[in-house]
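Chemist: Going line by line, the protein sequences match chains A and B. Just so you know, we're using this note's numbering here: the first sequence kicks off at -14 and counts up by one. Just so you know, we're using this note's numbering here: the second sequence kicks off at 14 and counts up by one. This structure is in structure tokens; I'll ask about it shortly.
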Amino acid sequence: MNARGRKEVMIHNLTCADTRTLILSLLSTLALFSSLAATQATDNRVCLVVTGLGGLPQYEENFLNWGNDTQTIFEDRLGSKVYYLDGRVQKKADILNVFNEISSSGALDELWFFVIGHASYDNLQYKFNISGPDLTDTEIKDFLDSLGDTRVFLIAATSASGVLTSKLTQENRVIITATKNQNEKQPPLFMSFFLEAIDSATADIDKNGRVSLLEAYLFSHHKIATWFKDKGRIQTEHALLEDNGQVRLGDKDDTLLEKNPGIAATLLASMAYLSPPLGSIYTSQHAQELALERVRIEREIEDLKFRKTQLSESSYYHLLEELLIKLATLNQRMKEAE
Amino acid sequence: MKPLLLIFLAFSLTPGYSQENETDRAPKALLTEIKQLMHHGHYERAQELLRNGPRNDPFILRLLLELAQRQGRDDEVNDYAHSLLDLYASEQLIDSDEIVQAAYGAWKLGQFQNSNQIFIAAGKTKPTTVSMFIDWGHLYLTKYNAAEAEAIFRDAIMVEYPSLAYTRWDMDAAYVGLAQALDAQFKTGADEALNKALELNPENLEARVLKAQRALKKTRWQEAKKWLEEGLEINPNYLPLLEVKGSSQFLQGKDSAFEKTRSKILKINPNNGDFFEMLGDFSVFQRHFDQAIDFFRQALKHNPRQASARASLGINLLRMGHEEEGAKILEVAYTQDPFNIWTVNTLRLLDSFDHFVRVETPNLQIKLHESEADVLKPYAEELAQRSLKTLQDKYNHQISDKYIFEMYPDHADFAVRTLGLPGLGALGATFGRIVAMDSPSARPKGEFHWGSTLWHEMAHVVTLSLSNDRVPRWLTEGISMMEERQAGAGWGEPLTVGFVKAYEQNALLPLADLNLGFEQPKNRQQLTLSYFQAGWVCEFLFRRYGLEKIRSMLVAFGQETTAEKVFQKVLQSSIEEVDEQFHKELSATLTPLIKRLSQLPSMPLRNIPMEGPQNTGEDSMYNLESLEKSWQINPDNYFLNLQLGSMLKALGRPQEALLYLETALDLFPAHADRSSPYALLSAIYEELSQKDNAIEMRRRWWQARPLYVENAYKLSSLLIETNQHQEAAQYLEEVMYLDPFHSETHERLGEIYLESGQFKKAIREFEVFLSLSPIDIATAHYKMAQAFSQLGNVESSRKHVLLSLEIAPGHEEAQELLLKLVRK
């Protein structure tokens, strides 16, 4: 993604999350997002994984396993450069050094930042538990702010992480936290389900063959609720997602995506994937032309979904069916062309 | 007319009234004499003396009030009550017991909060008396706070020194109050308290009233008669005794005697609603709700201000399914008495009905909470209809009325619905035209088979209807327990170690008294044992005499004969003879188990595994050695085999564990919880990769106790792995009676049905799956579209394929189906 591309996807930060205003704002940028999604294949991407102190052997084992699995996914599958820091042995100074190294290494397209472990909040600061002095939210914020236009995906799989959403939210950033606030202090299970999502066909909600960050979040959110319910326990973690400083998912009675299905396609998190892009299977000129036509129809479908609440149900589904038939027919023709 | 003026007039018209006595208090001797006259029924003489007493004496006014109340002279009651309050307002009541009379006045005017405040003021004025606590306790009892009343009566009992002055009540009355408070809370100890009251005062009337009432509830007519005769000898005009006497006559069907007593009561007080309310309460106790409704209506006809009777009328109308009229009456009852917690809770419950979805079937109106109706409806509706039809056919009896069947996700709502009906099941209850039970979300998983409970309740519907609501509790519960066990493999309650121990310790009730185990159990354990025993009795009757005889017993009970007559008429045996036969058979079954289930001294209770393997600590080897020594002597002891197997498994010696656990299973196959040989053997076979054995053991476990979802999931997974999909589906279907809210079960079932061509069932499962807000909505809609397409329902198929593609436009299979549908 070049500098021009990054400028294009920026949206004005909405101070009011009024859904109607939000929809109109997002609608205007939908087409741009669609093109972003189609082209997302980022070589200039860095993944930073920091695992913290476990305290108890079972926690330590979990944190290390989750950290290692994340490293493997980004290194082996996505071909990203990965920095892995083990907070049992690497201290704050080591982490800050890596922060410096990343921010001074030149313009990055994307940073994926995983924080996995125990954390707390002392009414002033979020503190991630590592050997020696803890890593604080201020230090994380300074690091992220130093990255300029780099798109940031922060996954804070720690206790008390909910507090980070308000502290770090900003355009061009997706902040996912394992807990809804600083008061959820149990070691979260979030990362376990998040990693499960990456290889799950169920998590691939839109059946496009890849699991997006949004889909992984929704899968984990659902799985956590089911896990606690099945065990008959009170749910001690409720994950949140803050997207681009505009949209927040995971609050109680959150029905944003249910009521406005078109919004999903506009989120930064829906265009960030945890698996590599599907290679082009179209070799003939004709098939490639049809593929471009398909992108156009897909955009039209997303446009229509955005307008769902403004149309009568019968009109909406009538129009949707027309577009879907076009899309299905086109796909068939593409297969035949190959 | 101002109250004081009226009092003045009343006294001034009384011959012998002296102006000089105007500010005096009546002497203690006079008050005591009047109290004694009243106690022995010489009400006219008492009235005469009272009217000659000093007009400002609070005790005189109190006794006048009591007499007026006895005869239903409400205006006079109000006037005396106002006078007492005026005395209090003008600070003429000095000591504690005088102030209490004003509290009593406020109470009788319906000023309950004010009354309580005055009692508090009296309590702060030392010295306090036993009598003060007793009046105060009765205020709380009247206002449905029996727990607080109990505490107050206990305070009364703690008062060390008797008052030297006149008091309305003595210590014996405190014990009577305590007994009432205990009864109201369904607590034990009332009999002991009443005995103490009679020991302190052998002439206590109220203790005899309660003793007679309690005897009537146990249908001990002679005992009740004894208490009533003793009491009426002391005071032949004591209304509460006459009311119980009339109730006894009614319950025994002595119509002419009942009419005579009824006339006598109404002659004393033509506005007496208490008598009819008591008859209503007895009818509720017997679950004759239509009859109860009639009596509560009569109570209100005689005394429209009787809010408690109005509340009972409303509640019982609801029990008979008359929701609209019941709700209206309860609204009025609430305005009359907002303290009645039964009224308030029932009205709240009625409000919550707005959130229930109603499903109509020919015999049932099914009410499910909106939050779970989509999930429960298919299974609850099917099972309710199937069970009712099966049972109606079996007992050759078609029910004519429509019943309301309610499933509550909140156990508190179920509790409100069944409030005041003693000894009901903790999970479900059938009364009047209502069948109420917990929904699966009201209970922790793995503890509640709602299908089994539903079947149990539907059996009540049939047996109550067949017997015209006259079947005794032991028989209707016993039949329900039996029918539950016959409804499905492992349904109902299995034989427990506790029941074998109870049998060994001779703790089972004689058949003639089994009803008491339900209606007045000594403790929770006795209630549980009674359910179990009743079930076994019915299974015995079924084997020995056949179902037709059980049916005949139900019909015979409907003809209002006694249990003894029913047994003679239908079985040509006395209850005792049948009980003896039952015990003979029970002995043959249980005696061999007693030794197998004995607790050996070398095996402390803590070593018996209750939830999975234990004792893997340092002393395991020592325990293992000592257990093996014990086993040499007692190879047929169930617990020893189980413990040894469990320990060897935990020590990583599964092959050795198998021998002991298989022996344990043979010795007592009824034990099938999570620490049972079934669970341990299943785990060992899986550990040893003996898949077939694991499947077979899990099958046996499920058939013995289909209560543990994890067993069904594991079993179905193993069956799917071995391509036995249909059998896997069968177990997953049964999981719905435990946990219908698990979305993956519906998804898996839907897929099995889709693959095996059972498209309607597949649609049902995917519909429920979608109602549980799953993640992968697109696939579920696509599969529904496939099923509809297979059934030839193009329109529904098209709708669902669109819904699938709306979420996942690139879903290739859905695209293909869409094109196929369009071309059709």
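Positions of the beta carbon are idealized from the N, C-alpha and C atoms, including for glycine.
1. Just reading off the beta strand (DSSP E) that B:G441 is part of, what are its end residues?
2. Whose C-beta lies closer than 6 Å to the C-beta of B:G10 among residues of the same chain, with five residues either side of it excluded?
3. Taking 8 Å as the threshold (beta carbon to beta carbon), is B:N835 in contact with chain A?
4. Roughly how far, in whole angstroms, is the beta-carbon of B:F444 from the beta-carbon of B:R332, given that I think they are within contact range, below 8 Å?
5. Tell me whether B:F772 is buried or exposed, calling it buried when 16 or more other Cβ atoms sit within 10 Å of its Cβ.
6. Give, in chain order, every residue of the segment 711 to 730 of chain B whose Cβ lies closer than 8 Å to some Cβ of chain A.
7. With A:H207 as the anchor, note down where its alpha helix (DSSP H) starts and where it stops.
8. For a minimum of 4 consecutive residues, which ranges assigned as the alpha helix (DSSP H) are wholly contained in the segment 564 to 621 of chain B?
9. If distances are taken between C-alpha atoms only, which option among B:R456, B:V550 and B:R666 comes closest to B:D752?
10. Check A:I161 in the structure and name its three-state DSSP category.
11. Mind checking if B:I788 is an interface residue toward chain A, Cβ cutoff 8 Å exclusive?
12. Just verifying my parser: in three-state terms, what is the DSSP assignment at A:K112?
13. Might you give, ordered along the chain, the residues of its own chain that have their beta carbon closer than 6 Å to the beta carbon of A:F99, omitting 5 neighbours on each side?
14. Please list, in chain order, the chain A residues whose beta carbon lies closer than 8 Å to that of B:E764.
15. Look at the Cβ atom of A:F128, then the Cβ atom of A:F84, and state whether they are nearer than 8 Å.
16. Smallest Cα separation from A:S151: which of A:E227, A:S255 and A:G52?
17. Flag this pair as touching only if the segment 169 to 176 of chain B and the segment 139 to 154 of chain B have three or more C-beta atom pairs under 8 Å; answer yes or no.
18. Using a Cβ-Cβ cutoff of less than 6 Å, which residues in the same chain neighbour B:K407 once the five nearest sequence positions on both sides are dropped?
19. Would B:L831 pass as an interface residue toward chain A - the criterion being a Cβ-Cβ separation below 8 Å?
20. Identify whether B:D110 lies in helix, strand or coil by the three-state DSSP scheme.
21. According to DSSP, A:S65 sits in a beta bridge with which residue or residues?
22. Please report whether the beta-carbon of A:A142 lies at a distance below 8 Å from any beta-carbon of chain B.
23. Are B:E383 and B:V372 closer than 8 Å when you measure CB to CB?
24. Using three-state DSSP, classify A:T121 as helix, strand or coil.
25. Spatial neighbours of B:F545 within its chain, please: CB distance less than 8 Å, with the 5 preceding and 5 following residues excluded, ordered by chain position.
26. Check each candidate in B:Y179, B:A220 and B:A160 and name the one with the smallest Cα separation from B:A187.
27. Closest to A:Y202 by CA distance: which of A:Y68, A:D107 and A:L234 is it?
28. First and last residue of the alpha helix (DSSP H) that includes A:T314?
29. Check the Cβ of B:H5 against every Cβ in chain A and list those closer than 7 Å, keeping chain order.
30. What does B:P457 touch in chain A if you count any residue whose Cβ is under 8 Å from its own?
31. Should B:I147 be flagged as near chain A, meaning a C-beta pair shorter than 8 Å?
32. Assuming A:L346 and A:T162 form a contact by the criterion Cβ under 8 Å, report the distance between their Cβ atoms to the nearest whole angstrom.
33. When Cβ atoms are compared, which residues of the segment 803 to 822 of chain B fall closer than 7 Å to chain A?
34. What does A:K290 reach in chain B if we use C-beta pairs closer than 8 Å?
35. For B:L252 versus B:R83, is the C-beta spacing smaller than 8 Å?
36. Rounded to whole angstroms, how far is the Cβ of B:D387 from the Cβ of B:S784, which I believe are closer than 8 Å?
Modeler: With the structure as the only source:
1. Taking the second sequence and counting its residues from 1, one reaches residue 441 of chain B at position 428. Here the beta strand (DSSP E) through B:G441 covers G441 to F444.
2. Any answer about residue 10 of chain B is impossible in this case: the structure gives chain B only from 14 up to 837.
3. In the second sequence, counting from the first residue as 1, residue 835 of chain B sits at position 822. According to the sequence displayed, residue 835 of chain B carries Val and not Asn. Yes, its Cβ sits closer than 8 Å to a Cβ of chain A.
4. On the second sequence, residue 444 of chain B is found 431 positions in, with the first residue counted as 1. On the second sequence, residue 332 of chain B is found 319 positions in, with the first residue counted as 1. That pair is a contact at about 6 Å.
5. As a first step, residue 772 of chain B must be located in the second sequence, where it is residue number 759. Per the 10 Å Cβ criterion, buried.
6. none
7. Along the first sequence, read from residue 1 onward, the residue named residue 207 of chain A stands at position 222. Segment L198 to K216, the alpha helix (DSSP H) holding A:H207.
8. 576 to 579 and 588 to 609
9. Mapped onto the second sequence, residue 752 of chain B falls at position 739. Closest option to B:D752, Cα to Cα, is B:R456.
10. By 1-based counting over the first sequence, the position of residue 161 of chain A is 176. It is a strand residue.
11. As a first step, residue 788 of chain B must be located in the second sequence, where it is residue number 775. For B:I788, the answer is yes, since a Cβ of chain A falls inside 8 Å of its Cβ.
12. Locating residue 112 of chain A in the first sequence gives position 127, where the first residue counts as 1. Reduced to three states, the DSSP call for A:K112 is strand.
13. The residue you call residue 99 of chain A lines up with position 114 of the first sequence. The residues are V34, T55 and I140.
14. Within the second sequence, the letter at position 751 stands for residue 764 of chain B. Neighbours of B:E764 on chain A: none; closest Cβ ~12 Å, over 8 Å.
15. Here residue 128 of chain A is taken as the residue at index 143 of the first sequence, counted from 1. Here residue 84 of chain A is taken as the residue at index 99 of the first sequence, counted from 1. Their beta carbons are under 8 Å apart, which means A:F128 touches A:F84 by this criterion.
16. As a first step, residue 151 of chain A must be located in the first sequence, where it is residue number 166. The candidate whose alpha carbon is nearest that of A:S151 is A:E227.
17. yes
18. Along the second sequence, one-based indexing puts residue 407 of chain B at 394. Answer for B:K407: no residue qualifies.
19. What you label residue 831 of chain B is simply residue 818 of the second sequence in a count that begins at 1. Interface residue, yes.
20. Walking along the second sequence from the start, residue 110 of chain B turns up at place 97. Looking at B:D110 - three-state DSSP - the assignment turns out to be helix.
21. Here residue 65 of chain A refers to the residue found at position 80 when the first sequence is read from its first residue. The partner list for A:S65 (beta bridge, DSSP) is empty, contrary to what the question assumes.
22. Here residue 142 of chain A refers to the residue found at position 157 when the first sequence is read from its first residue. For A:A142, the answer is no, since every Cβ of chain B falls outside 8 Å of its Cβ.
23. As a working mapping, residue 383 of chain B is identified with position 370 in the second sequence. As a working mapping, residue 372 of chain B is identified with position 359 in the second sequence. No, they are not a contact pair.
24. Within the first sequence, numbered from 1, the residue matching residue 121 of chain A stands at position 136. Strand at A:T121.
25. Here residue 545 of chain B corresponds to residue number 532 of the second sequence, with the count starting at 1. M494, E506, T509 and F512.
26. The sequence position of residue 187 of chain B within the second sequence is 174, counting from 1. Residue B:A220 is the option with its Cα nearest to B:A187.
27. Stepping through the first sequence from its first residue, residue 202 of chain A is reached at position 217. Taking only the C-alpha atoms, the option nearest A:Y202 is A:L234.
28. For the purposes of this step, residue 314 of chain A is taken as residue 329 along the first sequence, with counting starting at 1. Segment E298 to A322, the alpha helix (DSSP H) holding A:T314.
29. The structure shown does not extend to residue 5 of chain B, since chain B is modelled only from 14 through 837, so no value can be given for it.
30. Taking the first residue of the second sequence as position 1, residue 457 of chain B is located at position 444. The answer, in chain order, is G217.
31. Walking along the second sequence from the start, residue 147 of chain B turns up at place 134. Not an interface residue.
32. This structure leaves residue 346 of chain A out entirely; chain A is present only between -14 and 323.
33. L815, L818, E819, I820, A821 and P822
34. Along the first sequence, one-based indexing puts residue 290 of chain A at 305. Here the neighbours are E819.
35. Taking the second sequence and counting its residues from 1, one reaches residue 252 of chain B at position 239. Taking the second sequence and counting its residues from 1, one reaches residue 83 of chain B at position 70. Cβ atoms of B:L252 and B:R83: closer than 8 Å.
36. Taking the first residue of the second sequence as position 1, residue 387 of chain B is located at position 374. Taking the first residue of the second sequence as position 1, residue 784 of chain B is located at position 771. Contact flag correct, Cβ pair sits at about 4 Å.
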